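A.B. asks: Here's a structure for you.
2 protein chains.
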Amino acid sequence: MEKDTTLASRQEQLARFAKALGHPTRVAIMCFLAQQTSCYFGDIHEELPIAKATVSQHLKELKEAGLIQGEVETPKVKYCINRENWEKARSLFGEFFGQCLCKSGACCG
Amino acid sequence: MEKDTTLASRQEQLARFAKALGHPTRVAIMCFLAQQTSCYFGDIHEELPIAKATVSQHLKELKEAGLIQGEVETPKVKYCINRENWEKARSLFGEFFGQCLCKSGACCG
DNA sequence: TTTGTTTTTTGCAAAATTGCGAACAATAAA
DNA sequence: TTTATTGTTCGCAATTTTGCAAAAAACAAA
């Protein structure tokens, strides 16, 4: 089973990542995770002015998008960026913004 | 009135852009606009397997996020990327993915 | 076993998103 | 004026998202 790298599938993957980043709280979580060595649930919750159930929900979405991963260290849970997928996202966004710079002089004006 | 460049406001702006890009159809529209010299509504609609009302709705959201702009050329409407905001988005995503590369050796593992 | 700690899940309500057909708006052409 | 052309808006339904409190899960410690 080969990896699907068609334009459509890359666009879908980009949209999936973008959707996960489409909420300020989730962007804040990603930035926080990127700058911390310890990243337990409680640390993340402490940073945010929202209920822990809500934090958990946002973490779940980031996890399902593949941007982060969680590791149980009973009774805590340590969260971190999923480096492999993070790199994939970086690459897709890079390609997206690269090709969309109107090289051909397209666009209005 | 100064421009707000706090971390929180940049995160919010990034989330707004990301949210607009959080749907495969809208990503496809952006890619299409970036590669065309003519970009009338009809051309965009032709590319997509969805009703024109739906296309119009997606264009409206991209416009409200500031990523594109429309210009009436009766009876058509010409759409194009909003270069200024596009550059702003590119910069924000660049910063985001740049700082989140785990420079400090943070993250698990 | 009971208690305590940490996080997830559940249940609920409000709001937003998605998609479509039909109706409408704006203008040019016949 | 009537007719065509091109897009937008409206009204509707189905689904998803967002946020929270309360309950549940998982396990260590007393």
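Protein chains in written order, with the numbering used here: chain A, 138 to 246; chain B, 138 to 246.
Using N, Cα and C, we set each Cβ at its ideal position, and we do this for glycine too.
Every value quoted in this text rests on a predicted model; they were computed, and no experiment measured them.
1) From Leu229/B to Lys213/B, what does the alpha carbon distance come to, in whole angstroms?
2) Touching or not, the stretch 149-162 of chain A and the stretch 160-178 of chain B, by the rule of three or more beta carbon pairs under 8 Å?
3) Please list the residues of the stretch 160-191 of chain A that have a C-beta atom closer than 9 Å to any C-beta atom in chain B, keeping them in chain order.
4) Distance check for Lys189/B and Ile178/A, CA to CA, integer angstroms please.
5) So, at 8 Å on beta carbons, what are the nonlocal neighbours of Leu199/B in its own chain, with the 5 sequence-adjacent residues on each side left out?
6) Is there at least one Cβ from chain B nearer than 8 Å to Glu149/A's Cβ?
7) Reducing DSSP to helix, strand and coil, say where Gln150/B ends up.
8) Is it buried or exposed for Leu144/B, if we count other Cβ within 10 angstroms and need 16 for buried?
9) Among all the DSSP beta bridges, which residues are the ones paired with Lys215/A?
10) Report yes or no: is there a C-beta of chain A within less than 8 Å of the C-beta of Lys197/B?
11) At 9 Å on the CB atoms, spell out the chain B contacts of Lys156/A, in chain order.
12) Using the rule of at least 16 other Cβ atoms within 10 Å of the residue's Cβ for burial, across every protein chain shown, is Ser181/B buried or exposed?
13) Relative to the C-alpha of Ala226/B, which residue among Gly231/A, Lys225/A, Phe169/A, Asn222/A is closest?
14) What number of angstroms, rounded off, separates the C-alpha of Lys197/B from the C-alpha of Glu224/A?
C.D. replies: Considering the structure as presented:
1) Looking up residue 229/B in the second sequence gives position 92. Looking up residue 213/B in the second sequence gives position 76. Going from the Cα of Leu229/B to the Cα of Lys213/B covers about 33 Å.
2) Between the stretch 149-162 of chain A and the stretch 160-178 of chain B there are three or more C-beta pairs closer than 8 Å, enough to call the two in contact.
3) Residues passing the 9 Å Cβ filter: His160, Pro161, Thr162, Arg163, Val164, Ala165, Met167, Cys168, Leu170, Ala171, Gln172, Gln173, Thr174, Ser175, Cys176.
4) Locating residue 178/A in the first sequence gives position 41, where the first residue counts as 1. Locating residue 189/B in the second sequence gives position 52, where the first residue counts as 1. Note that residue 178/A is Phe in the sequence shown, not Ile. Their backbone Cα atoms lie some 44 Å apart in a straight line.
5) By 1-based counting over the second sequence, the position of residue 199/B is 62. Excluding sequence neighbours, Leu199/B sits near Ala157, Arg163, Ile166, Met167, Ile205.
6) If you number the first sequence from 1, residue 149/A lands on position 12. Yes, contact with chain B.
7) Position 13 of the second sequence holds residue 150/B. Reduced to three states, the DSSP call for Gln150/B is helix.
8) Mapped onto the second sequence, residue 144/B falls at position 7. By the 10 Å Cβ count, Leu144/B comes out exposed.
9) As a first step, residue 215/A must be located in the first sequence, where it is residue number 78. Paired residue(s): Tyr177/A, Glu208/A.
10) Taking the second sequence and counting its residues from 1, the one referred to as residue 197/B is at position 60. No, no contact with chain A.
11) Position 19 of the first sequence holds residue 156/A. Going along chain B in sequence order, the residues near Lys156/A (Cβ under 9 Å) are Ala155, Lys156, Leu158, Gly159, His160.
12) For this step, residue 181/B is matched to residue 44 along the second sequence. According to the sequence provided, residue 181/B is Ile. The question's Ser does not apply to it. So Ile181/B ends up on the buried side.
13) In the second sequence, the residue the question calls residue 226/B occupies position 89. If we check each option's Cα against that of Ala226/B, Gly231/A comes out closest.
14) Position 60 of the second sequence, counted from the first residue, corresponds to residue 197/B. Position 87 of the first sequence, counted from the first residue, corresponds to residue 224/A. Each residue's Cα considered, the two are about 31 Å apart.
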